[in-house]
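This report concerns only the one structure given below.
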């Protein structure tokens with residue numbers, strides 16, 4: 007057996023195997039629980055980090071979806087505001103045009119009334135002037151006739 011131990015290759019294998027077994031027994035007795043605790047803690051930390059990353063990713067996706075909904079809502083609201091403004095503008099335009107037409111019609115009616123009144127006043131004035139001229143002409147004719155009669159009677 008001494009020859010087996012002294013033989014380099016088999017002896018080295020036996021000594022190395024014995025050392026490894028002794029090392030494993032010592033580790034099992036003194037450090038195994040600490041090593042498994044470290045590995046377990048590391049495993050839990052990695053699992054927690056993965057879970058945290060997954061939760062953060064889901065939260066980010068939910069937030070992105072919420073922002074997309076808000077953006078879509080804002081676009082819809084902006085479109086509605088623009089449509090309402092256009093409708094209000096059209097209504098105001100129609101109202102202004104209707105008021106302008108009504109005012110033009112009223113002014114036209116007033117102008118026609120003023121024209122008719124002026125025409126009536128002018129006609130009345132002309133009638134008065136004609137009457138005055140008729141009276142004046144009649145006076146002159148009568149005066150002329152009287153003058154002729156007076157001159158005939160005087161002759």
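Numbering (our numbering), first residue to last: 7 to 161. From the three backbone atoms N, C-alpha and C, an ideal C-beta is built for every residue, glycine too. Model, not experiment: these values are computed from the prediction.
Checklist entry - Could you check where the alpha helix (DSSP H) with residue 33 kicks off and where it finishes? => result Premise fails: residue 33 is in no alpha helix (DSSP H) and is neither H nor E.
Next on the checklist: Using only the alpha-carbon positions, how far apart do residue 162 and residue 46 sit?
Outcome noted: Because the chain in this structure spans residues 7 to 161, residue 162 falls outside the shown range and cannot be described.
Checklist entry - Alpha carbon to alpha carbon, what distance is there between residue 100 and residue 122? => result Whole-angstrom Cα-Cα distance: 32 Å.
Next on the checklist: For residue 68, report the span of its alpha helix (DSSP H) as first-last.
Outcome noted: Where residue 68 is concerned, the enclosing alpha helix (DSSP H) starts and stops at 38-160.
Item to check | 8 Å Cβ shell around residue 118 - same chain, five flanking residues per side excluded | outcome: Around residue 118: no qualifying Cβ.
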